[in-house]
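There are 4 protein chains.
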Amino acid sequence: MKARVQSRRPTRRELQAEARRRQLIDTGLALFSEKGWENTTIRDLAKSAGVAQGLIYHYFESKEALLMAVVERHGFLPEVCRVLGPAYDRPASEVLLEVAQALHRLLREKAPLVRIFVREAHTGRELVKGWNELLRHGAKHLSQYLAARVSAGELRPHNTEVSARMLLHTVAMFQLSGAPAKYLPELVDTLLNGIKGPREAKDA
Amino acid sequence: MKARVQSRRPTRRELQAEARRRQLIDTGLALFSEKGWENTTIRDLAKSAGVAQGLIYHYFESKEALLMAVVERHGFLPEVCRVLGPAYDRPASEVLLEVAQALHRLLREKAPLVRIFVREAHTGRELVKGWNELLRHGAKHLSQYLAARVSAGELRPHNTEVSARMLLHTVAMFQLSGAPAKYLPELVDTLLNGIKGPREAKDA
Amino acid sequence: MKARVQSRRPTRRELQAEARRRQLIDTGLALFSEKGWENTTIRDLAKSAGVAQGLIYHYFESKEALLMAVVERHGFLPEVCRVLGPAYDRPASEVLLEVAQALHRLLREKAPLVRIFVREAHTGRELVKGWNELLRHGAKHLSQYLAARVSAGELRPHNTEVSARMLLHTVAMFQLSGAPAKYLPELVDTLLNGIKGPREAKDA
Amino acid sequence: MKARVQSRRPTRRELQAEARRRQLIDTGLALFSEKGWENTTIRDLAKSAGVAQGLIYHYFESKEALLMAVVERHGFLPEVCRVLGPAYDRPASEVLLEVAQALHRLLREKAPLVRIFVREAHTGRELVKGWNELLRHGAKHLSQYLAARVSAGELRPHNTEVSARMLLHTVAMFQLSGAPAKYLPELVDTLLNGIKGPREAKDA
DNA sequence: GATGAATGAGCCTTCATTCAT
DNA sequence: AATGAATGAAGGCTCATTCAT
Chain A
443 MKARVQSRRP TRRELQAEAR RRQLIDTGLA LFSEKGWENT TIRDLAKSAG
493 VAQGLIYHYF ESKEALLMAV VERHGFLPEV CRVLGPAYDR PASEVLLEVA
543 QALHRLLREK APLVRIFVRE AHTGRELVKG WNELLRHGAK HLSQYLAARV
593 SAGELRPHNT EVSARMLLHT VAMFQLSGAP AKYLPELVDT LLNGIKGPRE
643 AKDA
Chain B
443 MKARVQSRRP TRRELQAEAR RRQLIDTGLA LFSEKGWENT TIRDLAKSAG
493 VAQGLIYHYF ESKEALLMAV VERHGFLPEV CRVLGPAYDR PASEVLLEVA
543 QALHRLLREK APLVRIFVRE AHTGRELVKG WNELLRHGAK HLSQYLAARV
593 SAGELRPHNT EVSARMLLHT VAMFQLSGAP AKYLPELVDT LLNGIKGPRE
643 AKDA
Chain C
443 MKARVQSRRP TRRELQAEAR RRQLIDTGLA LFSEKGWENT TIRDLAKSAG
493 VAQGLIYHYF ESKEALLMAV VERHGFLPEV CRVLGPAYDR PASEVLLEVA
543 QALHRLLREK APLVRIFVRE AHTGRELVKG WNELLRHGAK HLSQYLAARV
593 SAGELRPHNT EVSARMLLHT VAMFQLSGAP AKYLPELVDT LLNGIKGPRE
643 AKDA
Chain D
443 MKARVQSRRP TRRELQAEAR RRQLIDTGLA LFSEKGWENT TIRDLAKSAG
493 VAQGLIYHYF ESKEALLMAV VERHGFLPEV CRVLGPAYDR PASEVLLEVA
543 QALHRLLREK APLVRIFVRE AHTGRELVKG WNELLRHGAK HLSQYLAARV
593 SAGELRPHNT EVSARMLLHT VAMFQLSGAP AKYLPELVDT LLNGIKGPRE
643 AKDA
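Chains A, B, C and D supply the protein sequences, listed in that same order.
Every letter in the first sequence is one number past the one before it in my numbering, and letter 23, counting from 1, is 465.
Every letter in the second sequence is one number past the one before it in my numbering, and letter 158, counting from 1, is 600.
Every letter in the third sequence is one number past the one before it in my numbering, and letter 77, counting from 1, is 519.
Every letter in the fourth sequence is one number past the one before it in my numbering, and letter 83, counting from 1, is 525.
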């Protein structure tokens, strides 16, 4: 704590403590993601980390606090915003695939935390707020970008919230169901061009 | 059980037993959906049903068996198949909106069971198989219909699995996030026509 | 429960359950009195009663609820009131010794509960209210009786609250410190006659 | 320690250590008196004293040892003896009120330690011996003084142990129940003169 | 068919104490 | 002298499940 406020060089013990803290958080991430938070016992955590049960309470106030610490350290809302907040003057035909692929990759990298979020999404725990925030931000950012491209004349006028959700939800479900990334170009193509045949498309 | 196999007239006792069984299943549906299966105790169930705890074990082997019975009775895979397996010779421009709306309505009607599925989807329990089955069947049926419409020349050739999933997942997420049905036409329209502007659409 | 509301004959099981409840309360009385409530574990109680730990929670909501049940069943406020509310027209020279002896005997009989009260008196628990009530009632009753005897001319005018407390506290402390009952007559005699020598007593 | 035995000039370090020791004892007195010994954790003590938990074990063998140290430093048996061992040749009519008032004041000043004694009096700990010692000494001293006054002819012959306890216990309970000092003269008056009316008193 | 008393394993958390630094 | 990380043994309580009635 002090070490961060005053820019004093941290002692070896402080470093060790911080390492232990990280270790416990990572153990939490692994076990929570594997078995769910509710099905992970303090015993599991302690055994898996190779420490006594009591030590966990030296670093975290409760089992729930550990969960929050896991989310805080491994959270990825900033990355989601970066991924979904693309340059507004680049064409959607380029950007959307990049967005889809970046999101797909991000979700895969953060798969353990995503699993935790999905599992705990219903518990009404504080944690859920961050998750919903994340979902709403993502949809909003992409939707605004699409609206900008409509204004720029690249895209036809339409409800961009709907199209944004089509992309996000489908990518997310692809990831959750383990579908490979190779379908992403087809997904973006379908979103851009629709599925109607050429004759009908011209008529519309 | 016997009463249904052999078409013998069921005794009054058998009728009462069947009614009890149904009552317990419905109580299970309500409580599991409200608080989650893991957070529902046998005591809760018994109290809510107005019976003794022991009686539940007279009708079901375990708490998990009750969950399976709930899923079995209130499952809706047939309905999903019916909804998603439309007449192959009707045009997608008519059918897809019907499908989207029917699915939206079905998910709303079956909301309690859906909630259970979503919550328990991760537990690796037997139950999950049914859920995945349902998802796969749904996507497959719709995908095959779309392929038929491609063959019929109504839709352009494309990966119909992807487009089928775009529809299903987006409708499902709409339902889960509480979005109203009024967006469904725009969803279908976007899927059919894409979001590109007319000039680019012609270029493509 | 029903058995008490409707005057139906209780079944054997109900009787057994009531017996078990009493047994647990008596076990609680014994252990709480011996080691104190805080130092008595659920394990102790269960082992001493020869039942599983969980059973205690079948009969009582919590360890504290068991304590309250003990107090409720073995409480003795009514008896205290009876002992300390003597016939107002009998002379103090007879009554006070009877009161002292009755109180001494009562405290000895109820020694286990008294010990519990004394130990828990400081915890600010709900329980304490009953105890204080008891003390206040006792002092008040006796004080009023003494005032009546002053009016009757038997006792000289004085602060009867003080003299009531002198009797009660001294008897109580005698009991707590294990002093035998044989000192009680001397106690009452001293209270009635004071300790001044005859000459000074006449001067006063 | 050495510093006190050998009258060598204590080093700065020794002085600091002694100060620390006193600080910890005073912290112990405050917390033990406020929340009780059993409900005070080492963590509480360390936090309240602004030191690390481990340091407490540098100065005291155990939590119980700290309690004993508190009692040792803040004990007041000598003062009690002084208060209760009055000049044997002064009349009780003067002395007893002084004794009652001095005891009342002493108990109020030492209230924190008294609270500790009262709370821990039942635990069968070593500590209790000191407490009982104190009680016995007090009663004995006062009793002997009263006996001397009997011999001197000021007081009538009676069991002076009983009258001594009447005074002590009542004063103590007055203090514990928060009664104000203004009742003390009436208490002493009642003890000296009894509560019988003049006619009966003469008859006796 | 129905009851609810009884079980026993397990959960989260607390805390006095030790010890390497 | 001082720190605080680490331990390990309980402690109160919950709950799915069994079984005698």
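Built from N, CA and C at the ideal position, the CB exists for glycine as well.
- In this structure L519 (chain C) is in contact with E575 (chain C), their Cβ atoms being roughly 7 Å apart against a cut-off of 8 Å.
- Taking a Cβ-Cβ cut-off of 8 Å, the neighbours of S605 (chain D) in chain C comprise T632 and I637, given in sequence order.
- By the Cβ test, the segment 495-502 of chain D is in contact with the segment 456-467 of chain D, since at least three Cβ pairs between them sit closer than 8 Å.
- K638 (chain D) is bridged by DSSP to C:L597.
- The segment 582-596 of chain A makes contact with the segment 515-530 of chain A; the number of CB pairs closer than 8 Å reaches 3 or more.
- With fewer than 16 other beta carbons inside 10 angstroms of its own, R547 (chain C) counts as exposed.
- Under the Cβ distance rule, H600 (chain B) counts among the residues neighbouring chain A, one pair being separated by less than 8 Å.
- Segment contact: the segment 532-541 of chain A against the segment 590-609 of chain A, three or more CB-CB distances shorter than 8 Å; contact assigned.
- Neighbourhood of L473 (chain B) in chain A, by CB distance below 9 Å: empty, with the nearest CB roughly 14 Å away.
- In the DSSP assignment, V493 (chain B) falls outside any alpha helix (DSSP H), carrying neither H nor E.
- Counting only residues of its own chain and dropping the five nearest sequence neighbours on each side, L629 (chain C) has a CB closer than 8 Å to the CB of A542, L609, T612, V613 and F616.
- Interface residue (Cβ-Cβ distance to chain C less than 8 Å): R561 (chain D) is classified as such.
- With contacts defined as CB atoms closer than 8 Å, L597 (chain C) and I637 (chain D) qualify as a contacting pair.
- For K477 (chain A), the enclosing alpha helix (DSSP H) covers residues R454 to K477.
- Within chain C, G478, R557, V560 and R561 have C-beta atoms less than 8 Å from the C-beta of H564 (chain D), given in sequence order.
- Looking at D:P533, D:V493 and D:A511, the one whose alpha-carbon comes closest to that of L634 (chain D) is D:P533.
- Non-local C-beta neighbours of R561 (chain C) in its own chain, meaning closer than 6 Å and more than five positions away in sequence, comprise G478, ordered along the chain.
- Residues of chain C with a Cβ closer than 7 Å to the Cβ of T469 (chain D) do not exist, since the nearest Cβ in that chain sits about 20 Å away.
- Under the Cβ criterion of 8 Å, H611 (chain C) is counted among the residues facing chain D.
- Listed along chain B is no residue with a C-beta nearer than 9 Å to that of E575 (chain A); the closest approach is about 13 Å.
- Going by DSSP, H516 (chain A) is part of the alpha helix (DSSP H) stretching over K505 to H516.
- If you look at T602 (chain D), you'll find it in the alpha helix (DSSP H) that goes T602 to L618.
- Put simply, the CB of L629 (chain A) is near chain B, with a gap under 8 Å to one of its CB atoms.
- Looking from the CA of C523 (chain C), the closest CA among C:E506, C:A563, C:H579 and C:A488 belongs to C:H579.
- Listed along the chain, the chain C residues whose CB falls inside 8 Å of the CB of M608 (chain D) are M608, T612, L629, T632 and L633.
- Straight-line measurement puts the Cα of L473 (chain D) at about 17 Å from the Cα of A563 (chain D).
- Here G470 (chain D) is buried. Its C-beta has 16 or more other C-beta atoms within 10 Å.
- Nearest CB-CB separation between Y625 (chain B) and chain A: below the 8 Å threshold.
- Judged by DSSP in its simplified three-state form, A529 (chain D) adopts coil rather than helix or strand.
- Shown here for T602 (chain B): same chain residues with a beta carbon closer than 7 Å to its own, the five before and five after excluded, namely S585, L588, A589 and V592 in chain order.
- The beta carbon of P599 (chain B) sits closer than 7 Å to the beta carbons of V592 from its chain, once the five residues preceding and following it are set aside; these are given in chain order.
- For the pair A507 (chain A) and N481 (chain B), the Cα-to-Cα distance works out to about 20 Å.
- Contact between V513 (chain B) and G572 (chain B) holds, since their C-beta atoms are separated by about 6 Å, short of 8 Å.
- Non-local C-beta neighbours of A623 (chain C) in its own chain, meaning closer than 7 Å and more than five positions away in sequence, comprise Q543 and H546, ordered along the chain.
- Chain C places no beta carbon closer than 8 Å to that of M510 (chain D), leaving this residue out of the contacts.
- Here H583 (chain D) carries a helix assignment [DSSP, helix/strand/coil].
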